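Notes follow the structure.
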Amino acid sequence: MHRHIVFGYRPARPTRTAFEAYRERVGVCRDYAHLAVALCRAMNIPARYCSGYTSDVGLPRRPTRQWTFARGLRIIGGRWQTFDPRNNTPRTGRVQMARGRDATDVALSNAFVPALLVKFEVLCEPQ
């Protein structure tokens, strides 16, 4: 699936569905995770939507130290298994903020008026 969708911010919106991401072949981490969870459920594999941060520990340096990610959890062999549908790479130093049925369950903020985030930083370092 990570080869079917190209990463891009342009179509991002809170009401975007997994099917729209699949059909338009472009999306953000949220879209990758929505589609992965939907495909797991279509195959009768229980899945959860998770959001948080992941580190670049053990990977080539990028301009930022962390980035938002959405990932899925699926039950295989009776245990929850983590997968990252966008990067398709095992990661070290995940910081899970929330999990739920979909992105609506795990929104980092929900407000009826504009909100201003002054500062938020997550650092992941090797031990």
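Residue numbering for the sequence shown follows full-length UniProt numbering, beginning at 1 and increasing consecutively. From the three backbone atoms N, C-alpha and C, an ideal C-beta is built for every residue, glycine too. In this text the structure is predicted, and so the values were computed from the model without any measurement.
Residue i - DSSP class collapsed to helix/strand/coil
i: R41; result: helix
i: F69; result: Legend: pLDDT at F69 = 49, less than 50; position of this residue unreliable, value from coordinates given subsequently. In the structure shown, F69 sits in a strand (DSSP, three-state: E or B).
i: Y49; result: strand
i: V106; result: helix
i: A36; result: helix
i: A115; result: coil
i: A12; result: coil
i: I5; result: coil
Cβ separation of residue i and residue j, assumed to be a contact under 8 Å, to the nearest whole Å
i: P36; j: P85; result: It should be noted that the sequence gives Ala, not Pro, for residue 36. Going by Cβ atoms, the distance from A36 to P85 rounds to 4 Å, so yes, they are a contact pair.
i: G100; j: R48; result: 7 Å
i: V26; j: P14; result: Not confirmed; about 16 Å, so no contact.
i: N88; j: H2; result: 4 Å
Any non-hydrogen atom of the ligand NAD closer than 7 Å to residue i Cβ
i: N88; result: Only the bare structure without any ligand can be found here, which leaves the ligand NAD out of the picture.
Where the alpha helix (DSSP H) through residue i begins and ends
i: residue 128; result: Since the first residue of the chain shown is 1 and the last is 127, residue 128 is not available in this structure.
i: R23; result: A18 to E24
Distance CB(residue i)-CB(residue j) smaller than 8 Å
i: H34; j: A103; result: yes
i: Y53; j: V95; result: yes
i: S51; j: V122; result: no
Span of the beta strand (DSSP E) around residue i
i: R79; result: R79 to F83
i: R99; result: V95 to G100
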